[in-house]
Amino acid sequence: MQDEPIYLDCNSTTPVDPRVVDAMLPYLCAHFGNPSNTYHYGAEPRQALASARDQLARLLGTTADEITFTGSGSKANTLAIRGAALAHARSERPRHRVARTSSKSYARTARPQLGPGDAREGAPRRLTRANCRRGPRGTPAGTSRS
43 MQDEPIYLDC NSTTPVDPRV VDAMLPYLCA HFGNPSNTYH YGAEPRQALA SARDQLARLL
103 GTTADEITFT GSGSKANTLA IRGAALAHAR SERPRHRVAR TSSKSYARTA RPQLGPGDAR
163 EGAPRRLTRA NCRRGPRGTP AGTSRS
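Here this note's numbering is used: the first residue of the sequence shown is 43, the next is one more, and so on.
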């Protein structure tokens, strides 16, 4: 048994692997430019980002254009909600969505990504047979909103 404590709170923050520190140091010190900009300082970070995207795509068995890096977990969650909401809106047979969050700030971030009536603050609507028969925005379940 180990005498050292074991860190189990990786949900809130995670220790950085030394290999990641080694790989990132050049971009934190020397090549610090914004990869989205076309100026000289952005060239090296832009190439490194493209290389990382290619490596991750190969690892996941997809293409680099399917990989999106975000600046935070909240931005990643918002992007996922936006994608799910758009796919739902374009679906021939929209289904009910149920989402719960313990974070009020995250609920405010996600709210603009959903249509009116899709996100509700406060207590969820009571689940009844009538509510289940109604689709999004009060339309009958299984019908499109065109």
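Here a beta-carbon is modelled for each residue, glycine too, at the ideal position from N, C-alpha and C.
Excluding residues up to 5 positions away in sequence, Ala106, Ile109 lie with their Cβ nearer than 6 Å to the Cβ of Arg95 in the same chain.
Rounded to the nearest angstrom, the gap between the Cα atoms of Gly75 and Arg61 is 22 Å. The alpha-carbon of Arg100 is positioned some 11 Å away from that of Ser93. CA-CA distance, His73 to Thr80, rounds to 14 Å.
Non-local C-beta neighbours of Pro57 in its own chain, meaning closer than 7 Å and more than five positions away in sequence, comprise Tyr49, ordered along the chain. In this model, Asp45 and Cys52 are separated by some 20 Å (Cα to Cα).
In the structure shown, Cys71 falls within a helical segment according to DSSP collapsed to helix, strand and coil. In the DSSP assignment, Arg124 falls within the alpha helix (DSSP H) that extends over 115-132.
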